[in-house]
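Accompanying notes for the structure given below.
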Amino acid sequence: MISKRAREVQISPTVALTGKIAELRRQGTDIISFNIGEPDFPTPDYVKKAAFDAINKNFTKYPPASGFLDLKEAVVNKLRIDNGLSYDPKQICVSNGAKQAVVNALYALCGEGDEVIIPVPCWVSYTEMVKLTGADSVLVKVDEKNGFALDLAAIESAITPRTKAIIINTPNNPSGAVYSEESLRQLAAMAVEHDFYIISDEIYEKLIFDEEKHFCIGSISPEVQERCVIINGVSKAYAMPGWRIGYSAAAKPIAKAIEAFQSQMTSGACSVSQKAALAAITGPQDDLNKMREEYDRRRRFMQKRLSEIDGFACDPVKGAFYLLPDISGLLGRTYAGKTIASSMDLASFLLEKANIAVVPGEAFNAKDKLRFSYANSMDNLAEGLNRIEAAIALLS
Ligand SMILES: Cc1ncc(COP(=O)(O)O)c(C=O)c1O
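Numbered by full-length UniProt numbering, the letters in the sequence shown go through residues 1 to 396 in order.
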């Protein structure tokens, strides 16, 4: 009954897991969530106020398909100040979350016969989005031993005449890695030499810790900027995932194609949310800084505590709000006659025995890993890790 393309696309495994957890909660089970990929903080008050004002002023008509000019100008300003990029507002498209911005970019650039290189582990949606365009994903492992850095030699050997684009994500979901300037310069040189595009998903840009700095690949030169689509948004930095505002910045012909797609698919992003996003980007950044400090505290705690648990190998990482420990040391262990053969088995075991929700590495093309989000209160993180430690002790 359904189309070939619909049959090929899988529902996001993280969304499916959220449904299972919601059902267990409805039944009264006290689940601690390490699986959630969204800030646990409320949206800052000044942002909410901008939305109330927009509603009270009846700012409720259809928006322009690619977004309101004031927000696009604010984005241009942000990209200039934070990332050293120069764009015209016409090159910006405001979308329903960074998610739609990535899909738009893929639709604008890729189709049947094209290949898109994706460093893995990667965000669950990239491969399914590529499928939607009819192109093929080419998965290339990152250098796990080197903090999940880009493996440039592996990327170079994956390039073929069909390579149309690469999707990179820094800071990274699920690994928490932040790609170095040097590696991004080398990747950009490859893109120029072999003539492919770079979709750079920078949605976790503001969640970066220690002395680490975010480097935007598009800032290398105007020539590199021309072949980049820069993706960003307000969901993670400003605790606004439900407002659904993201954006893309691209060369004019690509931006025009993105706008055309979006105009036919959604008519643009919610007018009230756009006003809220404008306030977030242009307003005081104190809330953002406070949230980042709190994530940092949790990151340090989680990394230390997870490393103390038998079977978890967890190196420090510098970005986003995730850790991706290696759990291969636990594979093959048993509980009540059942073998833990995969990270999926381990995630199910932790859900049943410890009431802990984590995302199995299979969701990110990383079979021997579990993804932990630390977008949760310190109390919950501490209690959750105690429960995990007790459950792991049951394995033989
Ligand atoms: C790497 C990455 N890109 C994009 C998104 C989507 O962001 P948004 O909620 O703004 O659509 C996410 C959300 O989890 C993500 O992890």
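Cβ coordinates follow ideal geometry from the N, Cα and C atoms, glycine included.
On the DSSP bridge assignment, give the partners of residue i in chain order.
i      : result
Ala165 : Val116, Tyr197
Asn355 : Beta-bridge pairing links Asn355 to no other residue.
Cys228 : Ile198
Ala391 : DSSP lists no partner for Ala391.
Ser221 : DSSP lists no partner for Ser221.
Apart from the five residues just before and just after residue i, which ones in its own chain have a Cβ nearer than 7 Å to its Cβ?
i      : result
Leu288 : Lys206, Ala237, Tyr238
Gly111 : Thr133, Gly134, Ala135
Arg25  : Ile31
Ser343 : Ile327, Pro360, Gly361, Glu362, Lys367, Asp368, Lys369, Leu370
Leu139 : Ile118, Val120, Asn365
Ala158 : Ile117, Val138, Val140
Leu381 : Arg298, Phe301, Met302, Tyr374
Leu184 : Phe215, Ile217
Ser263 : Ala65
Thr339 : Gly332
Val358 : Phe34, Asn35, Ala347, Leu350, Leu370, Arg371, Phe372
Thr258 : Contrary to the premise, residue 258 reads as Ile rather than Thr in this sequence. Once the five neighbours on either side are set aside, the close Cβ partners of Ile258 are Cys93, Asn104, Ala105, Ala108, Ser248, Ala250.
How should residue i be labelled, buried or exposed, when 16 other C-beta atoms within 10 angstroms of its C-beta is the threshold for buried?
i      : result
Ile231 : buried
Arg298 : buried
Ser396 : exposed
Met378 : exposed
Gln10  : exposed
Ser86  : exposed
Tyr204 : buried
Tyr126 : buried
Tyr62  : exposed
Asn146 : exposed
Glu308 : exposed
Ser175 : buried
Arg227 : buried
Ala336 : exposed
If you compare alpha carbons, which of the options is closest to residue i?
i      : options                        : result
Gly218 : Tyr204, Ser200, Phe209, Asn365 : Ser200
Asp210 : Glu293, Glu223, Thr160, Glu226 : Glu293
Glu223 : Ile203, Gly233, Ala250, Phe301 : Ala250
Asp329 : Gly319, Cys314, Lys318, Ala336 : This sequence places Gly at residue 329; Asp is not what is there. Of the candidates Gly319, Cys314, Lys318, Ala336, the one whose C-alpha sits nearest the C-alpha of Gly329 is Cys314.
Phe34  : Ile392, Ala354, Ala393         : Ala354
Ala6   : Ile198, Glu193, Glu128, Gly332 : Glu128
Leu350 : Leu69, Gly319, Ala393          : Ala393
Phe215 : Val142, Phe312, Asn172, Val76  : Asn172
Thr334 : Asp345, Ser95, Ala260          : Asp345
Trp123 : Tyr62, Lys72, Asn169, Gln264   : Asn169
Leu331 : Pro316, Asp70, Phe312          : Phe312
Ser267 : Asn96, Gly19, Thr29            : Asn96
Ala260 : Pro161, Ile21, Cys93           : Cys93
Ala269 : Ala347, Thr18, Leu17, Leu69    : Leu69
Pro241 : Ala280, Lys252, Val76, Lys72   : Ala280
Asp310 : Trp243, Pro253, Ser235, Arg387 : Arg387
Lys252 : Pro89, Met291, Ala98, Thr282   : Pro89
Pro39  : Gln274, Trp243, Ala336, Lys275 : Trp243
Lys57  : Ala341, Leu323, Lys275         : Lys275
Apart from the five residues just before and just after residue i, which ones in its own chain have a Cβ nearer than 8 Å to its Cβ?
i      : result
Tyr295 : Leu207, Phe209, Phe321, Tyr374, Ala375
Lys164 : Leu109, Cys110, Asp114, Glu115, Val116, Ala135, Phe196, Tyr197
Arg272 : Looking at the sequence shown, residue 272 is not Arg but Val. Answer for Val272: Ala51, Ala54, Ile55, Phe59, Thr60, listed in chain order.
Ala391 : Phe349, Leu350, Lys353, Ala354, Ile356
Ile220 : Leu184, Arg185, Ala188
Any heavy atom of ligand 1 closer than 8 Å to the beta-carbon of residue i?
i           : result
Ala269      : no
Val130      : no
Gly246      : yes
Ala108      : no
Asn173      : yes
Ser235      : yes
Val120      : no
Asp98       : Per the sequence shown, residue 98 should be read as Ala rather than Asp. Because some heavy atom of ligand 1 lies under 8 Å away, the Cβ of Ala98 counts as near it: yes.
residue 401 : Nothing about residue 401 can be reported from this structure: the residues present for the chain run from 1 to 396 only.
Ser273      : no
Ile203      : yes
Ser137      : no
Ile231      : yes
Val77       : In the sequence on display, residue 77 carries Asn and not Val. No - ligand 1 has no heavy atom lying nearer than 8 Å to the Cβ of Asn77.
Pro63       : no
Asn169      : yes
Pro42       : no
Ser125      : yes
Pro241      : yes
Between which residues of its own chain and residue i is the CB-CB distance below 6 Å, once the five residues before and five after are set aside?
i      : result
Arg305 : Leu385
Gln186 : Leu152
Ala105 : Ile199, Val229, Ser248
Pro316 : Gln303
Glu202 : Asn232
Ile166 : Ile117, Ile198
Thr43  : Ala239, Met240
I'd like to know if residue i contacts chain B, where contact means its C-beta is closer than 9 Å to some C-beta of that chain.
i      : result
Asp287 : Among the chains of the structure shown, chain B does not appear; only one protein chain is present.
Just to check, is the beta-carbon of residue i closer than 8 Å to a non-hydrogen atom of ligand 3?
i     : result
Glu38 : Questions concerning ligand 3 fall outside what the structure shown contains, since the ligands it does hold are ligand 1.
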